[in-house]
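Chemist: Following this message is one structure expressed as structure tokens.
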Amino acid sequence: MAVLLAVLVAAPLLAGCGSGTGSTAGSGSGTASGSGTATGSGAGAARGTAASGAPATGGTAAPRPLARSVPVRLEIPGIGVDTPVIRLGLAKDGSVQVPPIEKNAPAGWYQGSPTPGQIGPSVILAHVTVGQYGDGVFLHLSRLKKGDHILARLQDGASADFTVDRVQTVAKSSFPTDAVYGNVSHPALRLITCGGPRIGGGGGYRDNVVVYASLTTAHEAAR
């Protein structure tokens, strides 16, 4: 049974992917849905999904989960991503904070989720575009495919290597909240940005892109 990580995170995520504005993500009512990765509530029908979100262990023993340590860097070789990771909390209205709208804006880890390598879904957000500053760090997130690798480097010196299980593009109004935030029995990673066609009038993007990945290799911090 999927249990949401936090009641307040029923319909969050990233704002500002196209508008050049935005401080927090909105709710399913569309508070910030015009400008980025604000999401709808509930699990919805995806426009294009691949395999299930089960861990891609290939029959080998699952790696031992890592101790809690915040992520400080994210590397995705397949799409040329190598970015710092900042911490994101909740805004006063209960929505998830977003990375700043600025040149070279980093990715952000939602600190209400597990850290990468812990059991459960660790959630990292980044912009696809950043207003007047052009391309965002997750510009090519939708190009990832099953089997691609994602490396999260942690503050304590440990690192977590994840393998992509599937990539989903879904309308913001049908955001799969349970699939993204719901508890799972293994260390997992969720990468989220906005995607799909732009909405006219500076309204951002219609869809969200969600990458589901599972831990395949864990490197503990040196003692």
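Residue numbers -15 to -1, 1 to 208, in mature numbering (1 follows the signal peptide of the UniProt record, and there is no 0), belong to the letters of the sequence shown in order. Glycine included, C-beta positions come from ideal geometry on N, C-alpha and C.
#1: How long is the line joining the alpha carbons of glycine 142 and arginine 208, rounded to whole angstroms?
#2: Near threonine 100, which residues of its chain fall below 8 Å by C-beta distance, leaving aside the five closest residues on each side in sequence?
#3: Specify, as a first and last residue, the run of the beta strand (DSSP E) that aspartate 146 falls within.
#4: Restricting to runs no shorter than 3 residues, where is the beta strand (DSSP E) found entirely within the segment 65 to 151?
#5: Would you call the segment 160 to 173 and the segment 118 to 134 touching, i.e. three or more CB-CB distances under 8 Å?
#6: For glutamate 60, which beta-bridge partners are listed by DSSP?
#7: Roughly how many whole angstroms lie between the Cα atoms of tyrosine 114 and threonine 68?
#8: So the beta strand (DSSP E) valine 196 belongs to, where does it begin and stop?
#9: Please determine, among Thr148, Val81, Pro91, the residue with the shortest C-alpha to C-alpha distance to proline 62.
#10: Quick check on alanine 164: does DSSP put it in helix, strand or coil?
#11: What does the alpha-carbon distance come out to for the pair arginine 49 and leucine 126?
#12: Taking buried to mean at least 16 other C-beta atoms within 10 Å of its own C-beta, is valine 175 buried or exposed?
#13: Could you check the C-alpha separation between glycine 189 and threonine 201 for me, to the nearest Å?
Modeler: Judging by the given coordinates:
#1: Near 10 Å, if we compare the C-alpha coordinates of arginine 208 and glycine 142.
#2: Result list for threonine 100: Leu51, Arg53, Ser54, Val55, Pro56, Trp94, Ser107, Leu139, in chain order.
#3: 144 to 156 is the extent of the beta strand (DSSP E) around aspartate 146.
#4: Fully enclosed beta strand (DSSP E) runs of 3 or longer: 66 to 73, 92 to 95, 105 to 110, 134 to 139.
#5: Contact between the segment 160 to 173 and the segment 118 to 134 is not established, with fewer than three Cβ pairs separated by less than 8 Å.
#6: According to DSSP, glutamate 60 bridges with Asp67, Leu136.
#7: Note that residue 114 is threonine in the sequence shown, not tyrosine. For the pair threonine 114 and threonine 68, the Cα-to-Cα distance works out to about 15 Å.
#8: From DSSP, the beta strand (DSSP E) with valine 196 extends over 190 to 204.
#9: For proline 62, the closest alpha carbon among the candidates Thr148, Val81, Pro91 is that of Thr148.
#10: Reduced to three states, the DSSP call for alanine 164 is helix.
#11: Distance between the alpha carbons of arginine 49 and leucine 126 is about 27 Å.
#12: For clarity, residue 175 is arginine in the given sequence; the question names valine instead. The residue in question, arginine 175, is buried, as its Cβ has 16 or more Cβ neighbours within 10 Å.
#13: Answer to the nearest angstrom: the Cα atoms are 34 Å apart.
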